[in-house]
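Residue numbers (numbering that gives the first Met the number 0), protein chains in the order written: chain A, 0 to 163; chain B, 0 to 163; chain C, 0 to 163.
Where a beta carbon is used, it is the ideal one built from N, C-alpha and C, also for glycine.
Some notes on the structure that comes next.
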Amino acid sequence: MAEKAKEKEKLTIVVFSGDLDKALAAFILATSGASMGMEVSMFFTFWGLNIIKKNKGALKSKGLMRKMLNFMNRGGSQRLKLSRFNMLGLGTWMMKRLMKDVNYPSIDEFITMAHQMGVKLIACTTSCGIMGIPEDAFRSEVDSLAGAAYFLGEAREAKVSLFI
Amino acid sequence: MAEKAKEKEKLTIVVFSGDLDKALAAFILATSGASMGMEVSMFFTFWGLNIIKKNKGALKSKGLMRKMLNFMNRGGSQRLKLSRFNMLGLGTWMMKRLMKDVNYPSIDEFITMAHQMGVKLIACTTSCGIMGIPEDAFRSEVDSLAGAAYFLGEAREAKVSLFI
Amino acid sequence: MAEKAKEKEKLTIVVFSGDLDKALAAFILATSGASMGMEVSMFFTFWGLNIIKKNKGALKSKGLMRKMLNFMNRGGSQRLKLSRFNMLGLGTWMMKRLMKDVNYPSIDEFITMAHQMGVKLIACTTSCGIMGIPEDAFRSEVDSLAGAAYFLGEAREAKVSLFI
C-alpha cells in the first residue's frame, strides 16, 4: 500500500521545447508538483536541452556540422526565446521584464529552486549523441543523462506524464 | 469503489497553445471525452488564454508594456491562426472554409458546446498576472481562474492528462 | 488481475505535429515502449498525418481548396522539416546527416520498425475529412482510420498518454 501511495505521487515531464514560455510552463508545473509533495522528474530532450546548458563557456563538439549546430543552437537559460512575439528579441525582453515586475522567478532561479526541491533534471542521451553535445555542457543542477527507456520507466509509475 | 470509478473518468487538458489547429484538437478531445461520460476540465494558460478571451471590447491593462502586449496579443476565438500555412491569413481562412464545408463546428461553437456538456473551462491565474490580463477579459463560458496547483490536483485524479 | 497488468502496459501517443524532430521523438518513445513490452498505439492527426503519407504518388482530393492544401501540405516521411533551424532545408539536411552519422534510423526506418514491433499506427478520420485526404494517401504500415473517441478509449486504459 505504501508503495502504491508513493506511485500516485509521481509527475514526469518531457521537455522537448527550448522556448522560454514552454520552459516556464514546465518549471511552474514541476515546482508546484514538488511543493504538493509529488516526486517530480524532468526529462530534457532535443531543443529542451538548451534550457539546462551552461550560460557560459564554449561547447566542444567534434565534426564541422556538429560545431555549426552547437554554434547556432548555443542554448543556456538566458538565451531562450518566446515561441511567439519574439520580434528580434524585443518580445522576449518584454516578457522577462513583466515577470520581474510581478516578482516572478527567472528560468535560472526556477532551475535552482527545482533542484533544491528535489526535482530530478535528466538530459536525454540520444539527443546528446545525435547533436554532439558533450556531458560537461550542462549545469551542475542536472542529475544525470538517460535514454527514452528511463523516461518510460518513470512515466509508467507516474500519476501524471506530460510532453511539453 | 464508486469513487474509484469516478476517478477513471477524468480528462484534463492544459491548453498552452493559442493556435487555431491546436485549439481545435483540444476541443475535439474535450467534447469527445464529455460525450463518452468523462469529467473534463480544460486549463488555459499562456497563449491558450487567447482562445477564451472575448472577441469584442478592449482590454484594460495597466502599464505601457502590458498595454502593448495585450494590443498585439489581442486574442478571441475569431482571431486564432493556424500554426502552419497561415500565409498572412489566407491559410487560416481556407481552413475555416474547409471546416464549414463539412459542417464542422467553429471554435466559438465548440466553446459553447463544451460548456453546455459540462466541460470546465479554467483560466490560469499566473499567466493572467504576468501578462496583465484582467478577469473580465474572458467569455462567460469560463468557469473560474486557478493556478498550476489546481491543475495538478485535477491531473492526479485523472485517467488522461494532456499538454497541448 | 491479469487484465489490470495488461492495462499498465499501454502507451498512447497523439502525433499532432508534422515536424521531423517531433516525429523522431514520437517514434523513439513508441519503439522504446514496444521493446519494453508495452502495447503502443500512435494516433496521427492534423499535420502529424504528413508523417504517414506515402512519399510518392499524387493525392486526389476534391475541390479547389483541398487540392491547394494537399499540394502545399504534401507530406510523406521524407518531406518533414525541423521545427527549428530548417533554414530553407539546410538545417533539416544537416540533422538527417547527423542521424546517419551515428547510425540512427530515419523516419522511414522507424515506421517500418514500429510496425514490425506491433505498434498500431492510426490515422485520424476527422482530420482526413476536413483536409480532404483520401484513405489511399497513407502507407501500408497504417493499421486503420479512427476518431477521437477511439483515442480516448485507448488513453483511458493507458498508463502513459502523450500529446506530441
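For K9/C, the first and last residue of its enclosing beta strand (DSSP E): Residue mapping note: residue 9/C aligns to position 10 of the third sequence, counting from 1. That run of the beta strand (DSSP E) goes 9–14.
Using a cut-off of 8 angstroms between C-beta atoms, extract the partners of M86/B located in chain A. Here residue 86/B refers to the residue found at position 87 when the second sequence is read from its first residue. When 8 angstroms is used as the limit between beta carbons, M86/B is near no residue of chain A, the shortest such separation being about 17 angstroms.
Between R155/A and chain C, is there a C-beta pair that is closer than 9 angstroms? As a position in the first sequence, residue 155/A is number 156, starting the count at 1. So, interface residue.
Quick one: residues in its chain with C-beta nearer than 6 angstroms to the C-beta of C123/C, no 5 flanking neighbours on either side, listed in chain order? The residue given as residue 123/C occupies position 124 in the third sequence. Correct list, in chain order: T44.
Quickly, what does DSSP pair E38/C with across the bridge? List them, please. One-based indexing of the third sequence puts residue 38/C at position 39. Answer is K9/C.
Looking at the unbroken alpha helix (DSSP H) that takes in A147/B, where does it start and where does it end? Residue mapping note: residue 147/B aligns to position 148 of the second sequence, counting from 1. Looking at the DSSP string, the run of the alpha helix (DSSP H) that includes A147/B is 147–156.
Identify the continuous alpha helix (DSSP H) that holds A113/B and give its terminal residues. Position 114 of the second sequence, counted from the first residue, corresponds to residue 113/B. Segment 106–115, the alpha helix (DSSP H) holding A113/B.
Interface residues of chain C around I27/B at Cβ under 8 angstroms? Start at 1 with the first residue of the second sequence, and residue 27/B comes out as number 28. Chain order gives the chain C residues near I27/B as T125, A147, where near means a beta carbon separation below 8 angstroms.
In this structure, what does DSSP give as the bridge partners for K119/C? By one-based count along the third sequence, residue 119/C stands at place 120. DSSP lists S40/C as partners of K119/C.
Identify every residue that forms a DSSP beta bridge with F137/C. Translated into the one-based positions of the third sequence, residue 137/C becomes position 138. K52/C.
Give me the chain E residues within the contact set of I163/C, using Cβ-Cβ distance strictly less than 7 angstroms, ordered along the chain. Considering every chain present, this structure includes no chain E. Its protein chains are A, B and C.
Check whether the Cβ atoms of R73/A and K95/A sit closer than 9 angstroms, and answer yes or no. Here residue 73/A corresponds to residue number 74 of the first sequence, with the count starting at 1. Here residue 95/A corresponds to residue number 96 of the first sequence, with the count starting at 1. Pairing R73/A with K95/A gives a Cβ-Cβ distance that is not under 9 angstroms.
Roughly how many whole angstroms lie between the Cα atoms of G146/C and K55/A? Residue mapping note: residue 146/C aligns to position 147 of the third sequence, counting from 1. Residue mapping note: residue 55/A aligns to position 56 of the first sequence, counting from 1. Taking the Cα positions, G146/C is about 48 angstroms away from K55/A.
May I ask you to list the residues that DSSP assigns as paired with S143/C? The residue labelled residue 143/C in the question sits at position 144 within the third sequence. Paired residues: I121/C.
Against chain B: residues of the stretch 65–82 of chain C by CB proximity under 9 angstroms: Cβ contacts with chain B come from R65, M67, L68, M71, N72.
Using the DSSP secondary-structure output, state which residues sit across from D18/B in a beta bridge. Taking the second sequence and counting its residues from 1, the one referred to as residue 18/B is at position 19. According to DSSP, D18/B bridges with K80/B.
Starting from the Cα of C127/C, find the closest Cα among G152/C, S34/C, K99/C, S60/C and give me that residue. For this step, residue 127/C is matched to residue 128 along the third sequence. Of the candidates G152/C, S34/C, K99/C, S60/C, the residue whose Cα lies closest to the Cα of C127/C is S60/C.
Determine, using beta carbons only, whether F101/A comes closer than 9 angstroms to chain B. On the first sequence, residue 101/A is found 102 positions in, with the first residue counted as 1. First, the residue type needs correcting, since residue 101/A is Val and not Phe in the sequence shown. So, interface residue.
Tell me which residues share the same chain as G47/C and place their Cβ nearer than 7 angstroms to its Cβ, disregarding the 5 neighbours each side in the sequence. Locating residue 47/C in the third sequence gives position 48, where the first residue counts as 1. Counting only Cβ-Cβ distances below 7 angstroms, and skipping sequence neighbours, we find V14, F15, S16, G17.
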